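Contents: one structure, followed by commentary.
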Amino acid sequence: MAYQLHRISVLVVEDNQPMLDITKSLLITFGVGHVIGAQNGEVGYKRFCEYNNDIVIADWMMRPMDGISFTRLVRNDSKSPNPYVPIILMTGFSERRRVLQARDTGVTEFLVKPFNARELYKRLVQVIERPRQFVRSTDFFGPDRRRSRNASYKKYEGPRRRDNDFHNPETLKDIQEQQRKAHEILQRIRDEEGLDKSDRFDINSDSSGSEKEKE
Amino acid sequence: MTKDQFEDKNPPRHFSQPIKRKAEFIKPPNMLKAKVGSGGLSDEIIEKAQSLLQNNAIDFQPLADMYLGLMMEGINSANSEDHNHDGEVIIADMLYPAMQLKANGGMFNFPLVTSISDRLVQFLEVIEEADANAVEIVLAFHTTIRAVINGKITGNGGSHGTEILSALNKACVRYFEKHPENHNKTVQDYKTKF
Numbered sequence: 000m001a002y003q004l005h006r007i008s009v010l011v012v013e014d015n016q017p018m019l020d021i022t023k024s025l026l027i028t029f030g031v032g033h034v035i036g037a038q039n040g041e042v043g044y045k046r047f048c049e050y051n052n053d054i055v056i057a058d059w060m061m062r063p064m065d066g067i068s069f070t071r072l073v074r075n076d077s078k079s080p081n082p083y084v085p086i087i088l089m090t091g092f093s094e095r096r097r098v099l100q101a102r103d104t105g106v107t108e109f110l111v112k113p114f115n116a117r118e119l120y121k122r123l124v125q126v127i128e129r130p131r132q133f134v135r136s137t138d139f140f141g142p143d144r145r146r147s148r149n150a151s152y153k154k155y156e157g158p159r160r161r162d163n164d165f166h167n168p169e170t171l172k173d174i175q176e177q178q179r180k181a182h183e184i185l186q187r188i189r190d191e192e193g194l195d196k197s198d199r200f201d202i203n204s205d206s207s208g209s210e211k212e213k214e
Numbered sequence: 000m001t002k003d004q005f006e007d008k009n010p011p012r013h014f015s016q017p018i019k020r021k022a023e024f025i026k027p028p029n030m031l032k033a034k035v036g037s038g039g040l041s042d043e044i045i046e047k048a049q050s051l052l053q054n055n056a057i058d059f060q061p062l063a064d065m066y067l068g069l070m071m072e073g074i075n076s077a078n079s080e081d082h083n084h085d086g087e088v089i090i091a092d093m094l095y096p097a098m099q100l101k102a103n104g105g106m107f108n109f110p111l112v113t114s115i116s117d118r119l120v121q122f123l124e125v126i127e128e129a130d131a132n133a134v135e136i137v138l139a140f141h142t143t144i145r146a147v148i149n150g151k152i153t154g155n156g157g158s159h160g161t162e163i164l165s166a167l168n169k170a171c172v173r174y175f176e177k178h179p180e181n182h183n184k185t186v187q188d189y190k191t192k193f
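Protein chains in written order, with numbering that gives the first Met the number 0: chain A, 0 to 214; chain B, 0 to 193.
Printed below as a string of structure tokens:
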């Protein structure tokens with residue numbers, strides 16, 4: 000059993016005609032049913048609204064509208080037929096700050112040019128098999144920027160400091176557990192140093208040890 | 000344990016801060032997976048696609064000429080003394096064609112163009128101002144890329160290609176040793192990059 004890629008349509012937005020032709024040819028060789036091309040972000044968005052493609056592959060540097068502005072439009076415009084569509088951004092930039100910039104606009108995957116057939120295939124597999132959950136906050140809408148699987152469900156293990164942590168039975172349990180561990184560590188130190196509960200540590204003293212030791 | 004046990008007359012500032020950002024997590028249905036099913040693609044199909052990529056008969060020369068022309072315009076603009084652009088725009092005018100050459104060279108069987116342009120992109124990404132010496136270096140890159148394209152040196156250029164890259168790297172290092180103030184420290188360390 001193999002992927003039934005003939006069932007999907009892919010939009011390729013690229014201003015460089017030879018590059019657009021090559022990318023389209025690769026996708027057709029993979030068996031993609033409908034591959035639609037567009038010369039820039041503006042035309043690309045029109046095509047996307049018309050065809051509601053399953054995957055979008057866009058170049059970064061295009062005029063008059065680049066891949067970043069195109070991505071913002073797809074994610075945030077009220078006319079966008081699918082703000083959750085996976086967007087693979089192609090670019091020659093590979094510097095970290097450029098990748099972060101692209102990520103922060105809502106790009107799903109990043110494909111550095113020049114690429115080979117396997118790298119393009121890997122990005123397709125990534126968006127099919129590991130779709131990212133989406134995050135909506137006051138200043139961002141797009142795929143969850145954290146890479147680890149189920150990152151949002153990972154239990155917080157740091158210190159609990161909010162007022163409402165003391166009213167929530169779950170977090171109160173965490174606080175009690177953290178307290179218990181802290182007492183254990185303190186007791187171990189006391190045992191090792193031969194101190195009892197009445198002893199106090201003088202942290203301002205230059206010499207190490209407790210007041211008891213000084214005496 | 001109670002909340003009162005934690006309270007202090009002068010609690011630290013980090014205690015009980017209001018939640019700054021409220022985020023809503025949405026899991027859209029995976030329609031894509033439902034459409035394509037599972038199983039991936041066979042190696043045979045991927046190799047077929049790769050051979051199509053390697054054997055494409057697209058002539059890179061006109062495209063390269065266009066980007067080299069744009070780069071020369073950027074160089075001329077940086078050299079002219081009466082320009083009104085700010086420094087970032089001048090650098091961007093040289094960076095854009097360099098990035099395009101890097102991106103497209105390897106796609107059209109000119110990996111040496113990609114390697115050389117990659118170094119140029121790294122150089123342009125870290126300089127803060129396109130001074131005369133920096134523009135000289137960009138011009139050296141331009142001349143080299145032009146020579147590779149005109150000489151139709153497909154592939155990585157062998158030992159000659161390695162020598163060219165090494166010479167260009169050394170030019171960049173010498174530049175930063177002479178002008179450390181023009182290196183954007185927040186981006187990267189040129190000694191580890193070049």
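The beta-carbon is built from N, C-alpha and C at its ideal position, and this holds for glycine as well.
Source: prediction; values computed, not measured.
- Task: Return the residue from the list Gly154(B), Ala77(B), Pro96(B) that minimises the CA-CA distance to Val134(B).
- Result: Looking at the Cα atoms, Ala77(B) is the closest of the given residues.
- Query: Nearest CA to the CA of Gly278(B): which residue from Asn115(A), Arg102(A), Ser68(A), Arg95(A)?
  - Reply: Here chain B covers residues 0 to 193 and nothing more, so residue 278(B) does not appear.
- Item | Minimum C-alpha distance to Asn15(A) - residue among Tyr44(A), Met0(A), Asp58(A) | The shortest Cα separation from Asn15(A) among Tyr44(A), Met0(A), Asp58(A) belongs to Asp58(A).
- Message: Can you confirm whether the region 55–70 of chain B touches the region 73–80 of chain A when touching is taken to mean that 3 or more C-beta pairs between the two stretches lie within less than 8 angstroms?
- Response: Result no; under three Cβ-Cβ pairs closer than 8 angstroms.
- Look at the alpha carbon of Arg129(A) and the alpha carbon of Leu119(B), and state the distance between them as a whole number of angstroms. Roughly 35 angstroms between the two C-alpha positions.
- Is any beta-carbon of chain A found at less than 9 angstroms from that of Asn55(B)? Yes, contact with chain A.
- Mind the definition here: the region 76–96 of chain A touches the region 106–123 of chain A only if three or more C-beta pairs lie below 8 angstroms; say whether that holds. With a cut-off of 8 angstroms, the region 106–123 of chain A and the region 76–96 of chain A count as touching, because enough Cβ pairs lie within range.
- Task: Measure the C-alpha to C-alpha separation of Ala102(B) and His166(A) and round it to an integer number of angstroms.
- Result: Answer to the nearest angstrom: the Cα atoms are 56 angstroms apart.
- Item | From Gly36(B), Val125(B), Leu100(B), residue whose alpha carbon lies closest to that of Gln3(A) | Gly36(B) is the residue among Gly36(B), Val125(B), Leu100(B) whose C-alpha sits nearest the C-alpha of Gln3(A).
- Query: Which same chain residues, not among the five before or five after Phe139(A), have their C-beta less than 8 angstroms away from its C-beta?
  - Reply: Setting aside the 5 residues that flank it on each side, Phe139(A) is surrounded in the same chain by Asp103, Gly105, each with a C-beta closer than 8 angstroms to its C-beta; the list follows chain order.
- Residues sharing a beta bridge with Ser8(A), DSSP: Residue pairing by DSSP places Ser8(A) opposite His33(A) in a beta bridge.
- Is Arg234(B) buried or exposed, if buried means 16 or more other CB atoms sit within 10 Å of its CB? Absent from the structure is residue 234(B), since the part of chain B shown begins at 0 and ends at 193.
- Task: Taking all protein chains shown into account, decide if Asn39(A) is buried (16 or more other Cβ within 10 angstroms of its Cβ) or exposed.
- Result: By the neighbour-count rule (16 or more Cβ atoms within 10 Å), Asn39(A) is buried.
- Bridge partner(s) assigned by DSSP for Ser166(A): Rather than Ser, the amino acid found at residue 166(A) in this sequence is His. Looking at the DSSP assignment, His166(A) forms no beta bridge with any residue, so it has no partner.
- Of all the residues that make up the region 100–112 of chain A, which are near chain B by a beta-carbon distance shorter than 9 angstroms? Listed in sequence order: Val111, Lys112.
- Message: Output needed for Glu41(A): all residues of its chain with C-beta closer than 7 angstroms, excluding positions within five of it in sequence on either side, in chain order.
- Response: Taking Glu41(A) as the centre and dropping the five residues before and after it, the same chain places the C-beta of Pro63, Met64 closer than 7 angstroms to its C-beta, in chain order.
- Whose C-alpha, out of Leu88(A), Gln178(A), Ile27(A), is nearest the C-alpha of Met61(A)? Considering only alpha carbons, the answer is Leu88(A).
- Query: Nearest-angstrom Cα distance between Ile215(A) and Phe29(A)?
  - Reply: It is not possible to answer for residue 215(A), since the shown part of chain A is limited to 0 through 214.
- Message: The beta strand (DSSP E) that contains Gly141(A), what's its start and end?
- Response: Counting along the chain, the beta strand (DSSP E) containing Gly141(A) begins and ends at 140–142.
- Where does Met106(B) land, buried or exposed, given buried means 16+ other C-beta within 10 angstroms? Burial is judged here by how many other beta carbons sit within 10 angstroms of a residue's own beta carbon; Met106(B) has at least 16 and is buried.
- Query: Within 10 angstroms of its Cβ, does Phe175(B) collect 16 or more other Cβ (buried), or is it exposed?
  - Reply: The C-beta of Phe175(B) has 16 or more other C-beta atoms within 10 Å across all chains shown, which makes the residue buried.
- Task: Consult DSSP for Ser151(A) and reduce its assignment to one of helix, strand or coil.
- Result: For Ser151(A), the predicted structure reports a pLDDT of 49, less than 50, and the residue's modelled location is therefore unreliable. A value from the coordinates is still provided. If DSSP states are grouped into helix, strand and coil, Ser151(A) belongs with the helices.
- Item | Glu124(B) classed as buried or exposed, judged by whether at least 16 other C-beta atoms fall within 10 angstroms | Around the beta-carbon of Glu124(B), 16 or more other beta-carbon atoms lie within 10 Å, marking it buried.
- Task: Hey, could you find the ends of the alpha helix (DSSP H) Val126(A) is sitting in?
- Result: Per DSSP, Val126(A) belongs to the alpha helix (DSSP H) from 116–128.
- Buried versus exposed call for Ser116(B) [16 or more other C-beta atoms within 10 Å across all chains shown]: Answer is buried; the Cβ neighbour count reaches 16.
- Task: Answer yes or no: does any C-beta atom of chain B fall closer than 9 angstroms to that of Arg135(A)?
- Result: So, interface residue.
- Query: Is there a Cβ from chain A that is less than 9 angstroms from the Cβ of Val137(B)?
  - Reply: Chain A, which has no Cβ nearer than 9 angstroms to the Cβ of Val137(B), makes this no.
- Exposed unless 16 or more other CB atoms sit within 10 angstroms - verdict on Glu183(A): Exposed is the label assigned to Glu183(A), since fewer than 16 other Cβ atoms lie within 10 Å of its Cβ.
- Contacts of Asn29(B) in chain A (Cβ-Cβ under 7 angstroms): Ordered by position in chain A, the residues that pass the 7 angstroms Cβ test against Asn29(B) are Pro130.
- Task: Look at the alpha carbon of Leu26(A) and the alpha carbon of Pro158(A), and state the distance between them as a whole number of angstroms.
- Result: C-alpha of Leu26(A) to C-alpha of Pro158(A): approximately 49 angstroms in a straight line.
- Task: Return helix, strand or coil for Val98(A), following the three-state DSSP convention.
- Result: Val98(A) carries a helical assignment under DSSP once its states are collapsed to helix, strand and coil.
- Item | Per-residue burial, Asn163(A) [other beta carbons within 10 Å of its own, 16 or more giving buried] | Within a 10 Å sphere around the beta-carbon of Asn163(A) sit fewer than 16 other beta-carbons, which makes this residue exposed.
- Query: At a Cβ threshold of 9 angstroms, is Gly73(B) touching chain A?
  - Reply: So, not an interface residue.
- Item | Glu192(A) versus Arg199(A) - alpha carbon distance | Note on geometry: alpha-carbon atoms of Glu192(A) and Arg199(A) lie some 12 angstroms from one another.
- Applying a beta-carbon distance threshold of less than 7 angstroms, which residues of chain C neighbour Phe175(B)? The structure shown has no chain C; the protein chains it does contain are A and B.
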